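Numbering (this note's numbering), first residue to last: 26 to 469.
Below is the structure:
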């Protein structure tokens, strides 16, 4: 593929989908942008109120709560640059992995320490936090949003968040291990995948691991039951109005059968967490695991030349049916409407996606595929995983993330349901019945 315009060749195809979702990262922690000294500039004029507002603006402290810890260094770098350009503005970036994020966000609001900018994954979280969200419809970047990013953050024609990026995933695989094990083609059927796992094992490699955390199981694995529906959003509407059920749905059955089988092929699945999963892949200790282009920055820190690629999850014996990656807008930044510095928060967000200097932090420092038509990322910036994803996008071989349309709390609940399945504590029939009853309960 050309290095120049990854999105121009493919994202038009993406726009026909209503795709939402969320990524996660490597280590929990708080990251604070370097503080900058405020310039002491006298406010001119005779209007005391104007002088007070100007003084407040020059000493604004913005807190950004980020649930994509893999981009925290990039956000920090952007914040430092913005502070240099805007003396008196201080931006604190607090970053954590996805699993504790929701709880921490609720704790901050309940304790009177609500952030000024925070992340939501799309529709269900937007609705859950609606009473706290600033209407961003009038922001200058809205007209450049890709259509793919709008459904998950729009209500009654109003835009409540800024999309951070386009992300996608499937199986990550080590290309060198494949070559040395004699795997000459990407396996696109379950039988071919079984054969590949055996070849990796015979060559002395650990073939497959998975993160057993509820987030990945609920957000990504359960999602295959929705993504493979003929009309995913109509199916979700049917679940909500009672005309559809998960219990005997063939797409959910095939999803459950596949991932239950996959769990039996994994090495120590219930003992693997997200950090271990990513570390083992980065250190070339395993051949295959689920992931996406959100992992690229983490891998680059360990080995910029890691021989990594993305391939589809071959759930069935139908190669054509299996041949897709999941993709969509997985994260949005929203503004707390009660923030005392909400205008300054909006100004920072606008700079990040409209100013060329801000945009480079997204494409270079964060290695993200932008969710805007106004700027692009090249293959060198987005790495091997982003390049593979861009190829699938260009060929129209993508299906969506639908976790943002689960009922509030669905990702964790459904992920915990799947934990019982892959741990052998529930059979497929019980698992599907539990998913159905949990959907009904959460949707009430």
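Just so you know, even glycine gets a beta-carbon here, dropped at the ideal spot from N, CA and C. It should be emphasised that the depicted structure is a prediction, and the values quoted were computed from it without experimental measurement.
Inset, instruction - Identify, in the order they occur along the chain, each residue of the same chain with its Cβ nearer than 8 Å to the Cβ of residue 63, setting aside the five sequence neighbours on each side. - result: Note on residue 63: pLDDT 37, under 50, position unreliable in the model; the coordinate value appears next. Counting only Cβ-Cβ distances below 8 Å, and skipping sequence neighbours, we find 83, 84, 112, 113.
Inset, instruction - Please state if the CB of residue 192 and the CB of residue 387 are separated by a distance shorter than 9 Å. - result: no
Legend entry - Option nearest residue 365 by Cα separation, candidates 274, 129, 286, 141: 141
Legend entry - Where the beta strand (DSSP E) containing residue 120 begins and where it ends: 115-120
Inset, instruction - Drop a sphere of 10 angstroms on the beta-carbon of residue 339, count the other beta-carbons inside from all chains shown, and report buried for 16 or more, exposed for fewer. - result: It counts as buried.
Inset, instruction - Check the C-beta distance from residue 288 over to residue 105 and give it rounded, since I have them as a contact under 8 Å. - result: Not really, about 43 Å apart at Cβ, beyond 8 Å.
Inset, instruction - Please check if any C-beta of chain B sits within less than 9 Å of the C-beta of residue 162. - result: Here there is only one protein chain, and chain B is not present.
Inset, instruction - Output the boundary residues of the alpha helix (DSSP H) element that contains residue 105. - result: 97-110
Legend entry - Pairwise C-alpha distance: residue 264 and residue 411: 33 Å
Legend entry - Status (buried if at least 16 other CB within 10 Å, exposed otherwise) for residue 355: buried
Inset, instruction - Helix, strand or coil for residue 391, going by three-state DSSP, please let me know. - result: coil
Legend entry - Counted within 10 angstroms of its Cβ, other Cβ atoms place residue 454 as buried (16 or more) or exposed: exposed
Legend entry - From 409, 415, 425, 467, residue whose alpha carbon lies closest to that of residue 436: 467
Inset, instruction - Label residue 424 either buried or exposed according to how many other C-beta atoms from any shown protein chain fall within 10 Å of its C-beta, with 16 as the threshold for buried. - result: When all chains shown are included, residue 424 counts as buried.
Inset, instruction - Excluding the 5 residues preceding and the 5 following residue 211 in the sequence, name in chain order all residues of the same chain whose CB lies nearer than 6 Å to its CB. - result: 336
Legend entry - Local conformation of residue 475 per DSSP, three classes: Outside the modelled stretch of the chain, which goes from 26 to 469, sits residue 475, for which no answer is possible.
Legend entry - Closest Cα partner of residue 427 within the set 274, 248, 358: 248
Legend entry - Three-way DSSP call (helix, strand, coil) for residue 173 in this model: helix
Legend entry - Close-in-space but distant-in-sequence residues of the same chain around residue 461 (CB under 7 Å, 5 per side omitted): 270, 271, 272
Legend entry - Touching by the beta-carbon criterion (3+ pairs, under 8 Å), the segment 277-285 and the segment 193-201: no
Legend entry - Meets three-Cβ-pair contact criterion under 8 Å: the segment 211-220 and the segment 356-363: no
Inset, instruction - Please classify residue 223: is it buried, with 16 or more other beta-carbons within 10 angstroms of its beta-carbon, or exposed? - result: exposed
Inset, instruction - Write down the C-beta distance between residue 184 and residue 391 rounded to the nearest angstrom, noting that I regard them as a contact closer than 8 Å. - result: By a beta-carbon distance limit of 8 Å, residue 184 does not contact residue 391. Their separation comes to about 22 Å.
Inset, instruction - Pull up the CB-CB distance for residue 179 and residue 235, whole angstroms please, since I reckon it's below 8 Å. - result: Not quite, the Cβ-Cβ distance comes to about 34 Å (not below 8 Å), so this is no contact.
Legend entry - For residue 183, the residue or residues it bridges with in DSSP: Under DSSP, residue 183 takes part in a beta bridge, and its partners are 180.
Legend entry - residue 121 and residue 243 closer than 9 Å at C-beta: no
Inset, instruction - Taking 8 Å as the threshold, find out whether the segment 301-313 comes into contact with the segment 394-404 through three or more Cβ pairs. - result: no
Inset, instruction - Please list, in chain order, all residues of the same chain as residue 130 whose beta carbon is under 7 Å from its beta carbon, the five residues on each side excluded. - result: 90, 143
Legend entry - Three-state secondary structure assigned by DSSP to residue 94: DSSP places residue 94 in the helix class (H, G or I) of the three-state scheme.
Legend entry - residue 264, enclosing alpha helix (DSSP H) - first and last residue: 257-266
Inset, instruction - Just tell me which of 148, 465, 187, 300 has its CA closest to the CA of residue 162. - result: 187
Legend entry - Residue from 322, 413, 457 with nearest C-alpha to residue 99: 322
Legend entry - Straight-line Cα distance separating residue 200 from residue 456: 35 Å
Legend entry - First and last residue of the uninterrupted alpha helix (DSSP H) at residue 346: Bounds of the alpha helix (DSSP H) holding residue 346 are 344-347.
Legend entry - Which listed residue (463, 276, 240) has its alpha carbon closest to that of residue 255: Checking every option, the nearest Cα to that of residue 255 belongs to 276.
Legend entry - Where the beta strand (DSSP E) containing residue 335 begins and where it ends: 333-336 is the span of the beta strand (DSSP E), which, as asked, contains residue 335.
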